[in-house]
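As structure tokens, the structure follows; a few thoughts come after it.
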Amino acid sequence: MCIARGPRSIGWARSSSDRPLTAGWSAGSVLPSAARAVTSRPRSPGGSVFHSHSSSSAESTPTALPPGTFVVHRRLGTIEGYRVDDAAGQEAYRFKGHFTLVGQKWSMFTPDGAEVADLARPPMHVHPTFTLSRPGRADVTIRKTGFAPVHETWAIEGDGGDDVEIHGDMLNHEFSFERAGATVGTTTRRWISITDAFAVQVDGLDPVLAIATAVGIDAIQHENNR
Numbered sequence: 001m002c003i004a005r006g007p008r009s010i011g012w013a014r015s016s017s018d019r020p021l022t023a024g025w026s027a028g029s030v031l032p033s034a035a036r037a038v039t040s041r042p043r044s045p046g047g048s049v050f051h052s053h054s055s056s057s058a059e060s061t062p063t064a065l066p067p068g069t070f071v072v073h074r075r076l077g078t079i080e081g082y083r084v085d086d087a088a089g090q091e092a093y094r095f096k097g098h099f100t101l102v103g104q105k106w107s108m109f110t111p112d113g114a115e116v117a118d119l120a121r122p123p124m125h126v127h128p129t130f131t132l133s134r135p136g137r138a139d140v141t142i143r144k145t146g147f148a149p150v151h152e153t154w155a156i157e158g159d160g161g162d163d164v165e166i167h168g169d170m171l172n173h174e175f176s177f178e179r180a181g182a183t184v185g186t187t188t189r190r191w192i193s194i195t196d197a198f199a200v201q202v203d204g205l206d207p208v209l210a211i212a213t214a215v216g217i218d219a220i221q222h223e224n225n226r
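Residue 129 in full-length UniProt numbering sits at position 129 of the sequence shown, with consecutive numbering throughout.
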């Protein structure tokens, strides 16, 4: 794609997905009957801290999301951006999409407008690839490395130390981040009743890196399924 007018920021329209996740469910409990997403006790990939308790306990005393958990809401389209809420339901980050002369880019901001990262997708790579830039840190490459029909593999390279491998069902947002054999993050939407949203839980991985990676993978999946 070639755009003669150069970069153009896409407006930030509010939608129903702007509403923070309400009380009454959590990654540590079962959803209330009116919005229950699962009826069994599914396990998240990679040994995540997401668990299900008994319905009687969970419905009478809803608990908060575990620390280190973020809920990512996709806007009307990926280029419109994403909103990220923390475990307390407060906005933690937002992504704003841009078309540029060298591909697509999402800028990641805190609620007060401070930019914490840029996620860029160059157009000329054969395999899906992103570059994540963070102030004061080396750029990181996020790329697809395996092409199984459902269970894809991705890699995060250049973050220092061992690379991070990503395994699971990308289409359904059920995947884990692993470094040196240890799970350092997971992504799931089994407990999410909101359309176009999923949860990212980190345990030893930089939250900005984990969230940006999950957003990039979601953008690819959304593009492939339009």
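Each residue gets a CB set at the ideal place from its N, CA and C atoms; glycine is no exception.
Treat the numbers as computed from the prediction; the structure is a model and nothing was measured.
Taking the alpha-carbon positions, what's the residue i to residue j distance?
i: Ala-212; j: Met-108; result: 8 angstroms
i: Glu-115; j: Arg-83; result: 14 angstroms
i: His-173; j: Ala-199; result: 9 angstroms
i: Thr-110; j: Arg-94; result: 6 angstroms
i: Ala-214; j: Leu-101; result: 24 angstroms
i: Ile-192; j: His-73; result: 10 angstroms
i: Gln-104; j: Thr-188; result: 25 angstroms
i: Val-150; j: Asp-218; result: 14 angstroms
i: Asp-86; j: Gly-68; result: 8 angstroms
i: Gln-221; j: Phe-70; result: 20 angstroms
i: Leu-209; j: Val-126; result: 23 angstroms
i: residue 310; j: Gly-158; result: Because the chain spans 1 through 226 in this model, residue 310 falls outside it and cannot be assessed.
i: Gly-160; j: Ile-166; result: 16 angstroms
i: Gly-81; j: Gln-201; result: 20 angstroms
i: Gly-97; j: Gly-181; result: 34 angstroms
i: Ala-88; j: Ala-197; result: 16 angstroms
i: Glu-223; j: Ile-156; result: 21 angstroms
i: Asp-206; j: Leu-171; result: 23 angstroms
i: residue 302; j: Arg-137; result: No statement about residue 302 is possible, as the shown extent of the chain runs from 1 to 226 and does not include it.
Within 10 angstroms of its Cβ, does residue i collect 16 or more other Cβ (buried), or is it exposed?
i: Ala-92; result: buried
i: Phe-147; result: exposed
i: Ser-54; result: Note that Ser-54 has pLDDT 34, beneath the 50 cutoff, so the model's placement of it is unreliable and the number below is only indicative. Under this definition Ser-54 is an exposed residue.
i: Glu-152; result: buried
i: Gln-90; result: exposed
i: Met-124; result: exposed
i: Thr-195; result: exposed
i: Gly-185; result: buried
i: Pro-128; result: buried
i: Asp-162; result: exposed
i: Gly-204; result: exposed
i: Gly-168; result: buried
i: Pro-122; result: exposed
i: Pro-135; result: exposed
i: Ala-120; result: buried
Can you give the beta carbon distance from residue i to residue j, rounded, assuming they're within the 8 angstroms contact cut?
i: Phe-177; j: Thr-183; result: 7 angstroms
i: Val-164; j: Arg-179; result: 5 angstroms
i: Phe-99; j: Gly-216; result: No, Phe-99 and Gly-216 are not in contact; Cβ-Cβ is about 16 angstroms, not under 8 angstroms.
i: Ser-133; j: Asp-118; result: 5 angstroms
i: Trp-154; j: Thr-145; result: 6 angstroms
Restricting to runs no shorter than 3 residues, where is the beta strand (DSSP E) found entirely within the stretch 114–188? 115–121, 129–133, 140–146, 151–157, 164–169, 174–179 and 182–188
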